[in-house]
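Just so you know, we're using the working numbering here: the sequence shown kicks off at 2 and counts up by one. Glycine included, every Cβ here is placed at the ideal spot set by N, Cα and C. These numbers were taken from a predicted model, which means no experiment stands behind them. Comments concern the structure below.
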Amino acid sequence: MEPQDIQTYKFENGLTLVVESMPAVRSAAFSLLVPAGSIYDPQGRNGTAAILCELVTRGAGKRDSQELSDALDDLGVQRSE
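As C-alpha cells, this is what we get:
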C-alpha cells in the first residue's frame, strides 16, 4: 500500500480543506460537511433546523421538490435529512 498524500489547509473564515491526491483516478470528488442540525438550534428557537430542512427540499426556482431532487441526483449529490 502506497503512502497517502493528504494535505490540510485552514482558511481565515474557519473553513478547513482536506485534500488527498489520487493520481490513478481520473476524476475529482468533494464533500462539504457543515456542522448543522437541531443540536445547533439557538436556545429558545427549537425546530429551526427542521424548518430549514423542510423548506430547502420543497423546490427552488422553476423546479418543484421532485424536479429539484432529480436534478441533484443527476449531479451525484448525496444529502442527509
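Which whole-angstrom value is the C-beta distance of residue i and residue j, which I expect to be below 8 Å?
i, j, result
"A37", "A50", "6 Å"
"V20", "Q8", "5 Å"
Among the candidates the options, whose CA atom is the shortest distance from the CA of residue i?
i, options, result
"Q79", "Q44, E68 and S32", "S32"
"E55", "G45, A30, L76 and S70", "S70"
"V35", "N47, T17, S28 and G48", "T17"
"T58", "G45, A72 and N47", "A72"
Is residue i helix, strand or coil by DSSP?
i, result
"S39", "helix"
"T49", "helix"
"A61", "strand"
"L34", "coil"
"L56", "helix"
"V20", "strand"
Under DSSP, the beta strand (DSSP E) around residue i begins and ends at which residues?
i, result
"Q8", "D6 to K11"
Starting from residue i, follow the alpha helix (DSSP H) in both directions and report where the run begins and ends.
i, result
"S70", "S66 to D75"
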